[in-house]
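Enquirer: What follows is a single structure, and I will ask about it in a moment.
In our numbering, the protein residues as written are 29 to 586.
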């Protein structure tokens with residue numbers, strides 16, 4: 029390898045930093061504006077100076093024509109370099125510093141001129157308009173060069189035009205005034221440019237701080253990476269501006285919240301409606317890993333303020349985790365029921381073994397009959413009143429768990445539930461949550477009892493769960509349905525405060541309601557109404573008219 033490092037190539041073009049580019053562009057704009065303003069000012073200034081020079085010449089001509097006796101001298105005396113007209117004209121020229129003051133008769137013959145040799149000659153420009161009685165202002169060229177001229181008629185005492193007076197202002201003096209005004213104008217333009225450059229530098233410094241002194245290419249790359257990251261991650265992101273309006277929603281947030289990009293530019297309350305989810309996004313509920321329910325989804329939300337006064341909220345879907353937690357709770361309940369049955373079965377086996385060893389066979393037979401009858405009676409009582417197998421199995425299992433915990437679980441005599449549920453899984457969730465909460469409320473209390481009533485009116489299913497626990501204070505009867513609100517210690521595998529919120533949402537999704545009140549004799553009474561929970565009853569099966577085959581002797585004996 030060569031020890032000589034490669035020469036660095038000189039890069040020409042715009043600087044890469046935003047600060048430098050913004051400063052350069054603003055200075056260029058300020059310079060362009062200054063040049064344009066100077067040009068726009070100079071263009072009419074030349075015309076204004078010409079107009080001023082012509083008006084000055086016209087005013088001198090008017091003053092000269094008003095001199096007493098001048099018209100009579102032009103009419104009565106011959107033109108002469110030493111004549112009174114020449115003397116008066118030269119006096120006026122010297123006083124006013126005009127280039128020339130020419131007095132002529134009605135034929136256009138000069139009676140005065142700065143060059144005495146021109147006296148008596150015909151003027152070089154047409155005096156027709158002035159001799160016709162009109163005043164004239166113009167820029168023209170004559171024997172003395174280009175000048176700003178004013179011509180007026182010369183009248184005698186009777187008002188008759190006997191000649192004309194022409195006064196010229198050297199055009200070089202007009203140009204000199206214009207050139208003299210340019211340095212001052214450029215000074216003002218330079219001052220304005222300096223102020224603009226200073227303002228551009230201040231603005232560029234602010235841009236430099238806000239952009240972290242990055243190049244435009246870096247900002248473009250960051251924006252591309254941000255778009256790819258926001259729309260690629262499996263976590264919902266909602267950004268809000270300082271006024272609390274949503275300014276960004278990624279794809280996952282749209283999926284979790286069930287909304288589209290139309291929510292951009294609206295407040296959380298306008299986009300989501302009143303509720304805990306909107307309160308969390310708006311910052312009215314503070315904390316970390318806040319639980320909220322949106323539709324059928326259980327979400328975990330975190331909100332972080334930003335430097336510009338806005339905020340960014342992240343949403344994680346915990347629906348599957350919550351379902352796993354509930355399945356784990358159900359598994360624990362099943363294990364507790366099996367453990368209770370095993371414990372009870374062992375005690376009964378020991379009792380039966382003792383009766384057999386004591387040769388109390390009749391008592392043993394009676395004991396077995398009573399045990400079998402109790403279990404059969406409990407299962408038959410539930411299945412006779414509840415025809416749906418899932419709900420019946422749930423209540424039989426809960427009855428076993430309740431017995432183990434010293435709680436009497438009763439199914440009301442008014443309970444009637446046909447096997448026509450539209451959403452049996454949803455009703456299992458509702459019944460399971462309410463019965464579990466009731467068992468937790470009365471566990472460990474004397475004469476603990478939980479009563480379940482399930483009945484229907486048409487297609488409407490009504491559930492009532494009463495307990496003999498401490499009840500719910502009136503001020504908490506709406507809070508208990510809020511996501512994340514609970515008075516119980518959460519288990520290790522999931523959060524509390526979800527069950528009752530899901531119960532109400534399941535009820536409201538079907539157009540129903542979930543309320544809590546006070547039960548007779550104390551305790552809590554939860555009532556859930558589910559309209560259209562049952563399907564329309566199907567047609568009655570047709571009775572077959574085909575005669576059955578004759579039974580064999582063996583079948584008849586059976």
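Yeah, the Cβ is synthetic: ideal placement off N, Cα and C, and Gly gets one too. Everything numeric in this text was worked out from a predicted model, so none of it was measured.
#1: My assumption, with CB atoms under 8 Å, is that residue 197 sits in contact with residue 100. Please give the rounded CB distance.
#2: Distance, Cα to Cα, residue 456 vs residue 342?
#3: Quick check on residue 388: does DSSP put it in helix, strand or coil?
#4: Output the boundary residues of the alpha helix (DSSP H) element that contains residue 142.
#5: Assign residue 438 to one of three DSSP states: helix, strand, or coil.
#6: How many angstroms separate the CA atom of residue 314 from the CA atom of residue 478?
#7: Here's a check: name, in chain order, each residue in its chain whose Cβ is nearer than 7 Å to the Cβ of residue 16, leaving out the five neighbours to either side.
#8: For residue 29 and residue 328, what's the separation of their Cα atoms in angstroms?
#9: For residue 363 and residue 432, I'd like the C-alpha separation in whole angstroms.
#10: Please report whether the beta-carbon of residue 441 lies at a distance below 8 Å from any beta-carbon of chain B.
#11: Rounded to the nearest angstrom, what separates residue 220 and residue 62 at their Cα positions?
#12: Name the DSSP bridge partner or partners of residue 319?
#13: For residue 564, which of 488, 286, 103 has the nearest alpha-carbon?
#14: Which of helix, strand or coil does DSSP assign to residue 314?
#15: What residues in its chain sit with their C-beta under 8 Å from that of residue 199, if we drop five residues either side in the sequence?
#16: To the nearest angstrom, report how far apart residue 184 and residue 134 are at their CA atoms.
#17: Please state whether DSSP places residue 413 in a helix, a strand or coil.
#18: Buried or exposed for residue 336, going by 16 or more other Cβ atoms inside 10 Å?
#19: Distance, Cα to Cα, residue 222 vs residue 50?
#20: Going by DSSP, which residues form a beta bridge with residue 194?
#21: Rounding to the nearest angstrom, what Cα-Cα distance links residue 388 and residue 382 in this structure?
#22: Under 8 Å between the Cβ atoms of residue 126 and residue 85?
#23: Pick out whichever of 451, 218, 296, 58 has its Cα sitting closest to the Cα of residue 558.
#24: Among residues of its own chain, excluding the 5 on either side of residue 144, which ones have a beta-carbon nearer than 6 Å to its beta-carbon?
#25: Hey, quick one: how far does the beta strand (DSSP E) through residue 562 stretch, first residue to last?
#26: With DSSP collapsed to three states, give me the class of residue 333.
#27: Taking C-alpha atoms, which residue in 326, 58, 150, 294 lies nearest to residue 284?
#28: On the three-state DSSP scale, how would you describe residue 381?
#29: Relative to the C-alpha of residue 96, which candidate in 155, 303, 113 has its C-alpha closest?
#30: Look up residue 189 in the DSSP assignment and say whether it is helix, strand or coil.
#31: According to DSSP, is residue 224 helix, strand or coil?
#32: Comparing alpha-carbon positions, which option in 453, 467, 94 lies nearest residue 428?
#33: Output yes or no for whether 8 Å exceeds the beta carbon distance between residue 141 and residue 150.
#34: Suppose the cutoff is 8 Å on Cβ atoms and the five residues either side in sequence are ignored; what does the same chain contact list for residue 270 look like?
#35: Between residue 465 and residue 316, what straight-line distance do the alpha-carbon atoms span, to the nearest angstrom?
#36: Just how far apart, CA to CA, sit residue 527 and residue 437?
Expert: Short version:
#1: Within the chain shown, numbered from 1, the residue matching residue 197 stands at position 169. Within the chain shown, numbered from 1, the residue matching residue 100 stands at position 72. Cβ-Cβ separation between residue 197 and residue 100: approximately 28 Å, too far for a contact (criterion under 8 Å).
#2: Your numbering for residue 456 matches position 428 in the chain shown. Your numbering for residue 342 matches position 314 in the chain shown. Separation of residue 456 and residue 342 (C-alpha to C-alpha, rounded to the nearest whole angstrom) is 32 Å.
#3: In the chain shown, residue 388 corresponds to position 360, counting from 1. Under the three-state reduction of DSSP output, residue 388 falls in the coil class, being neither helix nor strand.
#4: Position 114 of the chain shown, counted from the first residue, corresponds to residue 142. Premise fails: residue 142 is in no alpha helix (DSSP H) and is neither H nor E.
#5: Sequence index remark: in the chain shown, residue 438 carries index 410 (1-based). Here residue 438 sits in strand by DSSP.
#6: Start at 1 with the first residue of the chain shown, and residue 314 comes out as number 286. Start at 1 with the first residue of the chain shown, and residue 478 comes out as number 450. Computed Cα separation, rounded: 37 Å.
#7: There is simply no residue 16 to check, as the chain begins at 29 and stops at 586 in what is shown.
#8: Position 1 of the chain shown, counted from the start, is the residue given in the question as residue 29. Position 300 of the chain shown, counted from the start, is the residue given in the question as residue 328. The predicted position of residue 29 is uncertain, since its pLDDT is 42 and thus under 50; a value taken from the coordinates is nonetheless stated next. Rounded to whole angstroms, the gap between the alpha carbons of residue 29 and residue 328 is 59 Å.
#9: Here residue 363 is taken as the residue at index 335 of the chain shown, counted from 1. Here residue 432 is taken as the residue at index 404 of the chain shown, counted from 1. Each residue's alpha carbon lies about 12 Å from the other.
#10: This model lacks chain B altogether, as it is built from one protein chain only.
#11: One-based indexing of the chain shown puts residue 220 at position 192. One-based indexing of the chain shown puts residue 62 at position 34. Using only the alpha carbons, I get a separation of about 7 Å.
#12: The residue given as residue 319 occupies position 291 in the chain shown. Its beta-bridge partners are 328.
#13: By one-based count along the chain shown, residue 564 stands at place 536. Here the closest residue by C-alpha is 488.
#14: Looking up residue 314 in the chain shown gives position 286. In the structure shown, the three-state DSSP call for residue 314 is coil.
#15: For this step, residue 199 is matched to residue 171 along the chain shown. Hits under 8 Å: 81, 167, 173, 174, 175, 176.
#16: Within the chain shown, the letter at position 156 stands for residue 184. Within the chain shown, the letter at position 106 stands for residue 134. Here the alpha carbons of residue 134 and residue 184 stand approximately 12 Å from one another.
#17: What you label residue 413 is simply residue 385 of the chain shown in a count that begins at 1. Three-state result, residue 413: helix.
#18: Along the chain shown, read from residue 1 onward, the residue named residue 336 stands at position 308. Per the 10 Å Cβ criterion, exposed.
#19: Here residue 222 is taken as the residue at index 194 of the chain shown, counted from 1. Here residue 50 is taken as the residue at index 22 of the chain shown, counted from 1. In a straight line, the C-alpha of residue 222 is about 16 Å away from that of residue 50.
#20: By 1-based counting over the chain shown, the position of residue 194 is 166. In the DSSP secondary-structure assignment, residue 194 is bridged to 130, 179.
#21: For the purposes of this step, residue 388 is taken as residue 360 along the chain shown, with counting starting at 1. For the purposes of this step, residue 382 is taken as residue 354 along the chain shown, with counting starting at 1. Near 9 Å, if we compare the C-alpha coordinates of residue 382 and residue 388.
#22: Here residue 126 corresponds to residue number 98 of the chain shown, with the count starting at 1. Here residue 85 corresponds to residue number 57 of the chain shown, with the count starting at 1. Yes. Within cutoff.
#23: Looking up residue 558 in the chain shown gives position 530. Each of 451, 218, 296, 58 was checked against the Cα of residue 558, and the nearest Cα belongs to 451.
#24: Counting from 1 along the chain shown, the entry for residue 144 is found at position 116. Only 109 meet the Cβ criterion.
#25: Indexing the chain shown from 1 puts residue 562 at position 534. It is not in any beta strand (DSSP E) - residue 562 carries neither H nor E in the DSSP assignment.
#26: As a first step, residue 333 is located in the chain shown; it is residue number 305 there, counting from the start. Of the three classes helix, strand and coil, the one that applies to residue 333 here is strand, per DSSP.
#27: Counting from 1 along the chain shown, the entry for residue 284 is found at position 256. Ranking 326, 58, 150, 294 by Cα distance to residue 284 puts 326 first.
#28: Counted from its first residue, the chain shown places residue 381 at position 353. Secondary structure at residue 381: helix, using DSSP grouped into helix, strand and coil.
#29: As a position in the chain shown, residue 96 is number 68, starting the count at 1. Distances from the alpha-carbon of residue 96 to those of 155, 303, 113 put 113 closest.
#30: One-based indexing of the chain shown puts residue 189 at position 161. In the structure shown, residue 189 sits in a strand (DSSP, three-state: E or B).
#31: As a first step, residue 224 is located in the chain shown; it is residue number 196 there, counting from the start. Note: residue 224 maps to helix in three-state DSSP.
#32: Within the chain shown, numbered from 1, the residue matching residue 428 stands at position 400. Of 453, 467, 94, the residue nearest in Cα terms is 467.
#33: Residue 141 sits at position 113 when you count from the first residue of the chain shown. Residue 150 sits at position 122 when you count from the first residue of the chain shown. In this structure, residue 141 lies away from residue 150, with their beta-carbon atoms at least 8 Å apart.
#34: Stepping through the chain shown from its first residue, residue 270 is reached at position 242. These residues qualify, in order along the chain: 336, 337, 338.
#35: Taking the first residue of the chain shown as position 1, residue 465 is located at position 437. Taking the first residue of the chain shown as position 1, residue 316 is located at position 288. Rounded to the nearest angstrom, the two C-alpha atoms are 26 Å apart.
#36: Here residue 527 refers to the residue found at position 499 of the chain shown. Here residue 437 refers to the residue found at position 409 of the chain shown. One C-alpha to the other measures close to 20 Å.
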